[in-house]
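Numbering (my numbering), first residue to last: 92 to 288.
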């Protein structure tokens, strides 16, 4: 069944500003990686919508808590962690959207099994693994009240440092190649830093 893209966009357009921008960024990055690794159009469309709605559960959590500067308490973190389940509950009754539920539910799983639901490795559906990487990339490269923005190189270093822990090693390598190609294509002034140049 073909997913209703317009419905997803209309839902995201009522998100608060930062969450809306993050959702579009994560969807864009996820789609670029999916294209790079050879997903077909139907899988790309489902991934795009799943990535767009991955944080829909955060609309059920106080914005003040989501944007709190500094560290969350254990209780506050417990509330924020519920956004994956809240999101899947919101979406499960949307006609045709059941296929994206794993993205919403599992985008905070870790390759090493230390995520919210304790799935590990390839137990985590690949589209959720892709969104996990795109989500982390956008979080690190976007200004947040609780953390300093990282540069592209700091962010890629952080992703590589967490290969096999937080992220799929193979997907991180593919994402890095994809991002560098994307930047080269869109910026004529981009030159990767290499030693001895």
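We put the beta carbon where it would ideally sit given N, CA and C, even for glycine.
{"query": "8 Å Cβ cutoff, residue 219 in contact with chain D", "result": "Here there is only one protein chain, and chain D is not present."}
{"query": "Residue 149 classed as buried or exposed, judged by whether at least 16 other C-beta atoms fall within 10 angstroms", "result": "buried"}
{"query": "Same chain, Cβ closer than 8 Å to residue 228, five either side skipped, listed in chain order", "result": "120, 246, 250, 266, 270"}
{"query": "Cα-Cα separation, residue 139 to residue 273", "result": "17 Å"}
{"query": "Bridge partner(s) assigned by DSSP for residue 254", "result": "258"}
{"query": "Cβ-Cβ distance between residue 194 and residue 230 below 8 Å", "result": "no"}
{"query": "The segment 142 to 162 in contact with the segment 172 to 180 per 3-pair CB rule at 8 Å", "result": "yes"}
{"query": "DSSP three-state assignment for residue 235, whether helix, strand or coil", "result": "strand"}
{"query": "Contacts around residue 196, its chain only, beta-carbon distance under 6 Å, and the 5 residues preceding and following it disregarded", "result": "175, 179"}
{"query": "Limits of the unbroken alpha helix (DSSP H) element including residue 212", "result": "Taken as a continuous stretch (DSSP letters only), residue 212 belongs to no alpha helix (DSSP H), as it is neither H nor E."}
{"query": "Integer-rounded CB distance, given that residue 141 should sit under 8 Å from residue 191", "result": "4 Å"}
{"query": "Same chain, Cβ closer than 8 Å to residue 115, neighbours up to 5 away in sequence not counted", "result": "103, 143"}
{"query": "Nonlocal neighbours in the same chain, by C-beta distance under 7 Å from residue 207, ignoring five residues either side", "result": "172, 175, 199, 200"}
{"query": "Helix, strand or coil at residue 111 according to DSSP, with G and I counted as helix", "result": "helix"}
{"query": "Contact belief for residue 202 with residue 257 at Cβ below 8 Å, rounded distance in angstroms", "result": "6 Å"}
{"query": "Check whether residue 252 and residue 260 have beta carbons under 8 Å apart", "result": "no"}
{"query": "Closest Cα partner of residue 182 within the set 277, 99, 133, 275", "result": "99"}
{"query": "Environment of residue 205 [buried if 16+ CB atoms lie within 10 Å]", "result": "exposed"}
{"query": "Whole-angstrom distance between residue 170 and residue 164, CA atom to CA atom", "result": "10 Å"}
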